[in-house]
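K.L.:
Structure provided below as structure tokens; questions to follow.
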Amino acid sequence: MGFASVIPQIFWPESDESFDLECADGLQLLRHEVDEVRLAYLETHETDGTALRNTLESWDLRLNALAKRCEKDQVQLLNQYRHRVELGLQRYMREDAPLANRVTEALGSAPVPQSPETPEPTP
């Protein structure tokens with residue numbers, strides 16, 4: 220990527236102008252989406268980051284649209300959270316998901332997730 224193509228992305232980042240929610244609603248929706256992506260990867264033990272990159276690219280475009288009408292601090296905080304989740308998931312896909320998949324293979328089945336309402340078995 221040449222220097223000339225970096226400058227526009229810094230000062231005029233691409234955005235999804237069709238994302239026209241009010242600031243608070245948009246930030247809440249994007250926060251929810253990041254959490255859902257994180258939970259989906261942890262639940263499925265996915266090791267391919269292609270879908271994650273595509274999802275977060277779309278997410279970034281929508282955050283850039285919101286940044287034009289939201290407080291800078293809120294946008295930066297949510298963006299920091301998004302990047303931390305991405306870094307955590309990259310590490311998970313690289314290290315923990317393959318191990319979880321090997322455990323599943325060795326035990327012959329995937330664990331059954333328990334809902335918070337399900338009582339733990341007593342010994």
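Heads up, the sequence shown is in the working numbering, so the first residue is 220 and it goes up one at a time. Backbone N, C-alpha and C define an ideal beta-carbon position, used for all residues, glycine too.
(1) Using CA coordinates, which residue listed in E233, D235, S237, A243 is at the minimum distance from C346?
(2) Between G327, A316, E324, R301, which lies nearest to V253 when the distance is taken from Cα to Cα?
(3) Considering only their Cβ atoms, is the gap separating E236 from A284 smaller than 8 Å?
(4) Take K287 and list the residues in its own chain whose beta-carbon comes closer than 8 Å to its own, dropping the five residues that flank it on each side.
(5) Give the secondary structure of L275 by DSSP, where H, G and I count as helix, E and B as strand, and everything else as coil.
(6) Using the three-state DSSP reduction, which class does E236 fall into: helix, strand or coil?
(7) When the Cα of S277 is compared with those of V256, E314, H264, which residue comes out closest?
P.N.:
Checking against the coordinates, here is how it stands:
(1) The chain is shown from 220 up to 342; residue 346 falls before or after that span and cannot be answered.
(2) It is R301 whose Cα lies nearest to the Cα of V253.
(3) yes
(4) Counting only residues of its own chain and dropping the five nearest sequence neighbours on each side, K287 has a CB closer than 8 Å to the CB of S234.
(5) Helix at L275.
(6) coil
(7) V256
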